[in-house]
Amino acid sequence: MNTRKKIPLRKCVATGEMKPKKEMIRIVRSKQGDVSIDLTGKKSGRGAYLSKDKEVILLAKKKNILANQLGAKIPETVYEDLLQAVEEE
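Anchor point for the sequence shown: position 67 equals 67 in full-length UniProt numbering, and the numbering is continuous, going up by one each time.
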């Protein structure tokens, strides 16, 4: 019998890859329309996941993927914070 815990997978909105939740960063849009990075994965609101990869974040920015997924304008600071979070990993 398999007793290992099931690893929650999430789909990267930029690449379409399924990866373990730990390897992703969640970006969330609140009901008020504020977009922020959700490092805990617990904030309420519409969430989208990106791989913790600088290239993926730059691709998402270039193609405006997050704005389309979340239905909100993404402030420049969100991308700056994402890049910073990835570099600190």
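Virtual Cβ for every residue (Gly too), placed ideally from N, Cα, C.
Query, Result
"Mind pulling the alpha helix (DSSP H) runs of 4 or more residues that sit fully within the UniProt domain \"YlxR\" (10 to 83)?", "54 to 63, 65 to 70"
"Given Gly-41, which residues of its chain have a CB within under 6 Å of its CB, disregarding the five upstream and five downstream residues?", "Arg-26"
"Using the Cα positions of Pro-20 and Gln-32, report the straight-line distance between them to the nearest angstrom.", "29 Å"
"Give the single residue among Arg-46, Lys-61, Lys-11 whose Cα lies nearest to the Cα of Val-78.", "Lys-61"
"Compute the distance between the beta-carbons of Leu-70 and Ala-85, then report whether it is under 8 Å.", "no"
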